[in-house]
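K.L.:
Dropping the structure in here first, questions after.
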Amino acid sequence: MEGFQTIHVDDMKEGDLSITGITAEVENSSPDNVQLSFNEEKNGLNVVVDQTHIKIHVHWKYKKSILKFSGTGDISGPLSHLAMVVGFETQEKEGMLIPKINIQDFQIDLQKSKWNFKFKCGACISKVNDLILKAFQGPLVDKIKSEAKKVVNNKIADTINAKFLSIYPLSLSVTDQISISTATTDVIQVKEEYLSVPFDASIFLTNEGYSRSTEAPVIPSENPENPGEIVLFASTYMFEGLEAVINKIPMTFEKSIMGLNLIVKIDGSVNPLGIKTKDKVLNIQGGAVISIPTLSIEVEIAASAELDFKFKPGDGTNTLYVDPDIIENTVKFSIFDFSLFGHKLNLGSALPVVDYIFTFIMDTYVFSTIAIPKQETLPLTATSALISFFEEYTEAGIAFNFSQDY
Numbered sequence: 012m013e014g015f016q017t018i019h020v021d022d023m024k025e026g027d028l029s030i031t032g033i034t035a036e037v038e039n040s041s042p043d044n045v046q047l048s049f050n051e052e053k054n055g056l057n058v059v060v061d062q063t064h065i066k067i068h069v070h071w072k073y074k075k076s077i078l079k080f081s082g083t084g085d086i087s088g089p090l091s092h093l094a095m096v097v098g099f100e101t102q103e104k105e106g107m108l109i110p111k112i113n114i115q116d117f118q119i120d121l122q123k124s125k126w127n128f129k130f131k132c133g134a135c136i137s138k139v140n141d142l143i144l145k146a147f148q149g150p151l152v153d154k155i156k157s158e159a160k161k162v163v164n165n166k167i168a169d170t171i172n173a174k175f176l177s178i179y180p181l182s183l184s185v186t187d188q189i190s191i192s193t194a195t196t197d198v199i200q201v202k203e204e205y206l207s208v209p210f211d212a213s214i215f216l217t218n219e220g221y222s223r224s225t226e227a228p229v230i231p232s233e234n235p236e237n238p239g240e241i242v243l244f245a246s247t248y249m250f251e252g253l254e255a256v257i258n259k260i261p262m263t264f265e266k267s268i269m270g271l272n273l274i275v276k277i278d279g280s281v282n283p284l285g286i287k288t289k290d291k292v293l294n295i296q297g298g299a300v301i302s303i304p305t306l307s308i309e310v311e312i313a314a315s316a317e318l319d320f321k322f323k324p325g326d327g328t329n330t331l332y333v334d335p336d337i338i339e340n341t342v343k344f345s346i347f348d349f350s351l352f353g354h355k356l357n358l359g360s361a362l363p364v365v366d367y368i369f370t371f372i373m374d375t376y377v378f379s380t381i382a383i384p385k386q387e388t389l390p391l392t393a394t395s396a397l398i399s400f401f402e403e404y405t406e407a408g409i410a411f412n413f414s415q416d417y
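Take 12 as the starting number for the sequence shown in this note's numbering and just add one per residue.
And the structure:
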């Protein structure tokens with residue numbers, strides 16, 4: 012509606028009458044007046060706009076022989092019907108694909124009987140008055156209608172696509188070192204009840220830049236019955252990329268527990284991270300060295316565990332909060348070396364306690380809550396979410412309170 016707000020129209024001439032400085036202002040201040048529906052046949056969205064009004068201001072001049080009159084005119088009234096189909100294409104941004112729109116089947120209808128036509132000409136003879144009114148009600152309105160179509164087909168589509176190029180992020184930072192690609196791999200597909208958006212989702216080291224290690228497998232199916240307004244399907248390619256990236260970068264986490272400095276070091280070159288999706292949970296294996304320098308304690312471990320995910324609603328800053336947790340009694344150690352003052356101790360009999368302490372440390376400091384920040388292109392607030400991990404793909408559903416955001 013911002014792009015459609017002001018329409019400038021070329022000057023026009025009707026016989027001895029010239030109309031110049033033609034501007035039309037379209038008013039529709041509420042997003043609630045925009046109705047959307049899916050159009051699978053044209054791969055687009057049907058857009059119908061209600062409660063739209065237009066105000067037109069002109070300068071006019073009548074000159075015939077010795078007769079000269081001039082003044083201004085104003086026309087205002089409702090647009091009885093404003094509709095179009097917004098179709099989807101792709102456009103390039105820095106060698107990647109992002110969405111692009113096109114406008115199809117634009118329709119604009121006017122109810123002239125409900126319009127007000129005003130012009131100032133105190134000295135005009137009735138013939139001139141009739142001529143001006145006839146021009147206002149006929150050719151001028153037709154010209155405005157024609158120009159409105161041009162604005163929609165050119166200016167609005169161009170404005171939106173330029174905005175996409177300007178603000179659409181090609182990647183998002185997962186951590187200070189890791190990014191994920193948000194580019195698309197194909198055209199957005201419009202189905203009867205949902206949109207299918209093919210995101211790239213390649214995970215890469217930020218300092219190395221975007222790369223694809225392998226080709227992504229085809230996701231087996233899409234289930235439109237998932238209860239979220241937005242449903243995400245991820246193939247195993249995303250987790251394979253995450254494995255490869257994390258195994259390249261040693262990570263250190265430092266936290267304070269009861270005044271003691273706790274250090275957790277994870278090095279994928281020593282104990283590679285492995286991620287598997289199965290039985291609706293995430294199976295993860297890897298290793299770490301946990302130390303408390305003040306007490307001269309060091310623990311080297313390699314273990315596997317199953318992760319579940321809890322979600323917390325978003326707020327004014329973040330779309331959603333994701334809280335990964337180790338499922339109770341799923342930790343299995345393949346290496347467990349405990350050293351005190353450089354001496355290794357056998358704590359085999361204490362493994363249940365160790366399991367509890369390890370789970371607490373990993374849940375609190377490694378698998379801590381992740382905030383998903385809002386993006387300018389999609390400033391949504393999630394109310395709930397659910398995720399399930401299958402052997403060949405992962406499915407997540409997210410629900411939103413759209414009335415709070417728009």
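Using N, Cα and C, we set each Cβ at its ideal position, and we do this for glycine too.
As the structure is a prediction and not an experimental result, all values here were calculated from the model.
Determine which residues share a DSSP beta bridge with residue 99 and list them.
P.N.:
Its beta-bridge partners are 112.
K.L.:
In chain order, what residues of the same chain have a beta carbon less than 6 Å from the beta carbon of residue 165, not counting five sequence neighbours either side?
P.N.:
Closer than 6 Å at the Cβ level, and outside the excluded window around residue 165, lies no residue.
K.L.:
Which first and last residues belong to the beta strand (DSSP E) in which residue 276 is found?
P.N.:
Residues 271-277.
K.L.:
With residue 114 and residue 167 assumed to form a contact (beta carbons below 8 Å), what rounded beta-carbon distance in angstroms separates them?
P.N.:
Yes, residue 114 and residue 167 are in contact; Cβ-Cβ is about 7 Å, under 8 Å.
K.L.:
Where does residue 226 sit, in a helix, a strand or coil, going by DSSP?
P.N.:
Looking at residue 226 - three-state DSSP - the assignment turns out to be coil, as it is neither helix nor strand.
K.L.:
Using the rule of at least 16 other Cβ atoms within 10 Å of the residue's Cβ for burial, across every protein chain shown, is residue 73 buried or exposed?
P.N.:
Buried: at least 16 other Cβ atoms inside 10 Å.
K.L.:
Is residue 147 closer than 7 Å to residue 65 when the C-beta atoms are compared?
P.N.:
Cβ atoms of residue 65 and residue 147: not closer than 7 Å.
K.L.:
Which same chain residues end up closer than 6 Å to residue 405 when comparing Cβ atoms and leaving out the 5 residues on each side of it in sequence?
P.N.:
Around residue 405: 245 and 288.
K.L.:
Would you check if there are 3 or more beta carbon pairs closer than 8 Å linking the segment 323-338 to the segment 373-381?
P.N.:
Contact holds: three or more Cβ-Cβ distances are below 8 Å.
K.L.:
In the structure shown, what three-state DSSP assignment does residue 54 receive?
P.N.:
Three-state DSSP puts residue 54 in coil, outside helix and strand.
K.L.:
Figure out for me which residue from 384, 356 and 343 has the closest Cα to the Cα of residue 366.
P.N.:
Closest option to residue 366, Cα to Cα, is 343.
K.L.:
Here's the rule: buried if 16 or more other CB atoms are within 10 angstroms of the residue's CB, otherwise exposed. What is residue 111?
P.N.:
Per the 10 Å Cβ criterion, buried.
K.L.:
Using the rule of at least 16 other Cβ atoms within 10 Å of the residue's Cβ for burial, across every protein chain shown, is residue 152 buried or exposed?
P.N.:
Buried is the call here.
K.L.:
Determine whether the beta carbon atoms of residue 298 and residue 313 lie at a separation below 7 Å.
P.N.:
Result yes, Cβ atoms of residue 298 and residue 313 sit closer than 7 Å.
K.L.:
Mind checking who residue 314 pairs with in its DSSP beta bridge?
P.N.:
Looking at the DSSP assignment, residue 314 forms a beta bridge with 297 and 344.
K.L.:
In the DSSP assignment, what are the bridge partners of residue 329?
P.N.:
Partner(s): 384.
K.L.:
Would you be able to state if there are at least three C-beta pairs under 8 Å between the segment 168-179 and the segment 29-49?
P.N.:
Contact between the segment 29-49 and the segment 168-179 is absent, because fewer than three Cβ pairs lie under 8 Å.
K.L.:
By the DSSP assignment, the beta strand (DSSP E) with residue 140 in it spans what residues?
P.N.:
No beta strand (DSSP E) contains residue 140, which is instead part of the alpha helix (DSSP H) from 137-146.
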